[in-house]
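Peer 1: Throughout, this note's numbering is defined as the position within the sequence shown, counted from one, plus 33. Don't be surprised by glycine CBs; every beta carbon is placed ideally from N, CA and C. Just so you know, these numbers come straight off a predicted model, no measurement behind them.
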Amino acid sequence: MRMPELAVSRLGGDVALDFCNTVDWRLDPERRGERLQSYAHVLAWLERVELLTSAAAERLAGLADADPSAAAAEHTGILTLRDDSYAALTGDASSPAVLERELPLAHAASRLERSADGTWARHPRTLELGTPRHLLALEFARLFASPALSGFHRCEDRHCGWVFLDTSRQHNRRWCSSADCGNRNRVRAHAERVRREAASRA
Numbered sequence: 034m035r036m037p038e039l040a041v042s043r044l045g046g047d048v049a050l051d052f053c054n055t056v057d058w059r060l061d062p063e064r065r066g067e068r069l070q071s072y073a074h075v076l077a078w079l080e081r082v083e084l085l086t087s088a089a090a091e092r093l094a095g096l097a098d099a100d101p102s103a104a105a106a107e108h109t110g111i112l113t114l115r116d117d118s119y120a121a122l123t124g125d126a127s128s129p130a131v132l133e134r135e136l137p138l139a140h141a142a143s144r145l146e147r148s149a150d151g152t153w154a155r156h157p158r159t160l161e162l163g164t165p166r167h168l169l170a171l172e173f174a175r176l177f178a179s180p181a182l183s184g185f186h187r188c189e190d191r192h193c194g195w196v197f198l199d200t201s202r203q204h205n206r207r208w209c210s211s212a213d214c215g216n217r218n219r220v221r222a223h224a225e226r227v228r229r230e231a232a233s234r235a
């Protein structure tokens, strides 16, 4: 399996939110775009954000080549986990039901290991096709339990749907990117003001 080229955004301020942001124009059905179009895309993304080493991604790609139908099923499960967690984070669902189902499996498939700096983290017991799903479930569980989630915000562009942690000094960040959604909405607002002023003078 050849790893695809993949654009990775880190605007979310947390890897779990960056994973949510692998859907472009999430709130616009006509423009909505999926960045993770296959299991290989998921592996490439996880490697880029350093949740998988290159060697681990290559080994998992080999497992996917050996069992394409199982890899496709994992891909579907991973996107389901992402979208259900997003719905819970944004208040569109009352709880992260898929995460609650996946988390015990993720714990069973991993073990706590101490790193050289003395901190502990969960690592896969063995590499298997389900490893990406387990890694992402652990990341979502960490985020849901984190005090940092008090800064959670969804981009105020009505079509964007990207999410982020607002760590600005005044806690007034409105856009996923000021240069993108922010600028586009400022231009739109200015055009609307000009239109209203012209109409009022007519």
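For A154, which residues does DSSP report across the bridge?
Peer 2: Along the sequence shown, one-based indexing puts residue 154 at 121. For A154, which the question treats as bridged, DSSP gives the partners E146.
Peer 1: Please state whether DSSP places D57 in a helix, a strand or coil.
Peer 2: Here residue 57 is taken as the residue at index 24 of the sequence shown, counted from 1. Looking at D57 - three-state DSSP - the assignment turns out to be strand.
Peer 1: So, are the CB atoms of L160 and L93 less than 8 Å apart?
Peer 2: As a first step, residue 160 must be located in the sequence shown, where it is residue number 127. As a first step, residue 93 must be located in the sequence shown, where it is residue number 60. Yes; because the gap between Cβ atoms is below 8 Å, this pair is in contact.
Peer 1: So for V196, helix, strand or coil by DSSP?
Peer 2: Numbered from its first residue, the sequence shown carries residue 196 at position 163. Strand.
Peer 1: Using only the alpha-carbon positions, how far apart do E240 and L112 sit?
Peer 2: For the chain, the structure presents residues 34 to 235; residue 240 sits outside this window and is missing.
Peer 1: Taking H108 as part of the alpha helix (DSSP H), name the residues at either end of that continuous run.
Peer 2: Here residue 108 refers to the residue found at position 75 of the sequence shown. Run containing H108: P101 to L122, per the alpha helix (DSSP H) assignment.
Peer 1: Quick one: what does DSSP say R68 is sitting in, helix, strand or coil?
Peer 2: As a first step, residue 68 must be located in the sequence shown, where it is residue number 35. Coil.
Peer 1: Rounded to whole angstroms, what is the Cα-Cα separation between R166 and W153?
Peer 2: To locate residue 166, count along the sequence shown from 1; it is residue 133. To locate residue 153, count along the sequence shown from 1; it is residue 120. Distance between the alpha carbons of R166 and W153 is about 20 Å.
Peer 1: Would you list the residues sitting across from R187 in a DSSP beta bridge?
Peer 2: The residue you call residue 187 lines up with position 154 of the sequence shown. Its beta-bridge partners are V196.
Peer 1: Identify, in the order they occur along the chain, each residue of the same chain with its Cβ nearer than 8 Å to the Cβ of S128, setting aside the five sequence neighbours on each side.
Peer 2: Start at 1 with the first residue of the sequence shown, and residue 128 comes out as number 95. Taken in chain order, the residues that qualify are A121.
Peer 1: What whole-angstrom Cβ distance do L44 and C209 have, given they're in contact under 8 Å?
Peer 2: Reading the sequence shown from its first residue, position 11 is the one you call residue 44. Reading the sequence shown from its first residue, position 176 is the one you call residue 209. Yes, they are in contact, since the Cβ atoms of L44 and C209 sit about 5 Å apart, within 8 Å.
Peer 1: Counting along the chain, where does the alpha helix (DSSP H) carrying V131 start and finish?
Peer 2: Locating residue 131 in the sequence shown gives position 98, counting from the first residue. It spans A130 to A141 - the alpha helix (DSSP H) in which V131 sits, taken as one unbroken run.
Peer 1: When the Cα of A139 is compared with those of L171, L182, A99 and E63, which residue comes out closest?
Peer 2: By one-based count along the sequence shown, residue 139 stands at place 106. Comparing Cα-Cα distances from A139 to each of L171, L182, A99 and E63, the minimum goes to L171.
Peer 1: Candidates R219, V196, A181 and H108: which alpha carbon is nearest S42's?
Peer 2: Taking the first residue of the sequence shown as position 1, residue 42 is located at position 9. Among R219, V196, A181 and H108, the Cα nearest to that of S42 is on V196.
Peer 1: Rank G124, R35 and R191 by C-alpha distance to the C-alpha of R221 and give the top, closest one.
Peer 2: As a working note, residue 221 is residue 188 in the sequence shown. Per the Cα distances, R191.
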